[in-house]
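Numbering (this note's numbering), first residue to last: 23 to 283. Where is the CB? At the ideal position from N, CA and C, for every residue including glycine. What you are looking at is a predicted structure, and each value in this text was computed from that prediction instead of being measured. Written out below as structure tokens is the structure these notes cover.
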């Protein structure tokens, strides 16, 4: 792919919270038509990076850029509103209004993303059906289970068929059926040309959807994993912890104990 395919980019991004460095001198690209997955332990910097990429947080140094039509990659701090309308995201907390129904919530998200009143209704019905939320369409979101609220948040992120989709732990709280429908929608989005950035703790699920897997640890990129590679778990821990000086690597909770790498 060429540089013209890059939709989202981080260049030398650093962000600290007091004395704690959350993201350090990090580079990342997300291209049109691909699913790029971020994996890492808790506290690795995945959510912070997503918030920086979306302009929710300011970088201490470096820049985050989003493609804005013919203007090319533009610093997110100077991005025009129409460019933001082509972005969908679910970061940390699902977009829901407790007193609104599922349909009303998703329709509200559609309007906020620039769909007309005539477009918002059918688009909302379509994504609600795709995410198997039909049964709860008329229910207030405040009465839903955590898993179904997660589906509503995903529907709100996807309703306008965005060109860039940023999803933080999209399978969080979902049952196996929910994981399957979300996987399908993510792959469909990439298939129609959207750039998709996801984070996850689940290597087996990531391997089913990702074109690229980037490993984060303590706010830095420590390597990449091939989605079709064998024993992704072992490769992940090898990158995160590194081999011990004697050539052995002990994985947390590994019943077989230390193994030679």
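Check your understanding: Between 47, 42, 51 and 149, which lies nearest to residue 28 when the distance is taken from Cα to Cα?
Key -> With distances taken between Cα atoms, residue 28 lies closest to 51.
Review point. Can you tell me where the alpha helix (DSSP H) with residue 259 in it begins and where it stops?
Key: Taken as a continuous stretch (DSSP letters only), the alpha helix (DSSP H) holding residue 259 covers 254 to 263.
Point to revise | Classification of residue 23 by the beta-carbon crowding that lies within 10 angstroms, buried from 16 upward | key: Legend: pLDDT at residue 23 = 48, less than 50; position of this residue unreliable, no value from coordinates given.
Review point. What is the C-beta distance between residue 54 and residue 232, in whole angstroms, given that I count them as a contact (C-beta under 8 Å)?
Key: Not quite, the Cβ-Cβ distance comes to about 15 Å (not below 8 Å), so this is no contact.
**Study point:** Member of 146, 127, 184 and 168 whose CA lies at the smallest distance from the CA of residue 162
**Key:** Of the candidates 146, 127, 184 and 168, the one whose C-alpha sits nearest the C-alpha of residue 162 is 127.
Point to revise | Residue closest to residue 263, alpha-carbon to alpha-carbon, out of 221, 246, 239 and 115 | key: Of the listed residues, the one whose Cα sits closest to residue 263 is 239.
Review point. Do the stretch 137 to 144 and the stretch 166 to 179 touch if we need at least three Cβ pairs shorter than 8 Å?
Key: In this structure the stretch 137 to 144 does not lie against the stretch 166 to 179, because fewer than three pairs of beta carbons, one per stretch, are closer than 8 Å.
Check your understanding: What's the C-alpha gap between residue 242 and residue 179?
Key -> Residue 242 and residue 179 have their C-alpha atoms spaced approximately 27 Å apart.
Review point. Between 83, 87, 56 and 39, which lies nearest to residue 65 when the distance is taken from Cα to Cα?
Key: Considering only 83, 87, 56 and 39, the residue with the shortest C-alpha distance to residue 65 is 39.
Practice item. Report yes if the CB atom of residue 30 is closer than 8 Å to the CB atom of residue 88, and no otherwise. Key: Less than 8 Å separates the beta-carbon of residue 30 from that of residue 88.
Point to revise | residue 238, DSSP secondary structure in three states | key: Taken through DSSP and simplified to helix, strand or coil, residue 238 comes out as strand.
Review point. When we look at the beta-carbon of residue 157 and count the other beta-carbons within 10 Å, is it buried (16 or more) or exposed?
Key: With fewer than 16 other Cβ atoms within 10 Å, it is exposed.
Check your understanding: Is the beta carbon of residue 181 sitting closer than 8 Å to the one on residue 107?
Key -> Not a contact, by the Cβ cut-off of 8 Å.
Point to revise | Spatial distance of residue 112 from residue 147 (CA atoms) | key: Approximately 19 Å between the Cα atoms of the pair.
Check your understanding: Taking just the CA atoms, how far does residue 77 sit from residue 192?
Key -> Near 20 Å, if we compare the C-alpha coordinates of residue 77 and residue 192.
Review point. Do residue 237 and residue 261 have their C-beta atoms closer together than 8 Å?
Key: When the beta-carbon positions are compared, residue 237 and residue 261 come within less than 8 Å of each other.
Review point. Hey, how far is the Cα of residue 213 from the Cα of residue 205?
Key: C-alpha separation (whole angstroms): 12 Å.
Practice item. Can you tell me the Cβ-Cβ gap for residue 196 and residue 159, rounded? I've got them flagged as a contact below 8 Å. Key: Not really, about 18 Å apart at Cβ, beyond 8 Å.
Practice item. Please confirm whether residue 187 and residue 218 have their CB atoms less than 8 Å apart. Key: Their beta carbons are under 8 Å apart, which means residue 187 touches residue 218 by this criterion.
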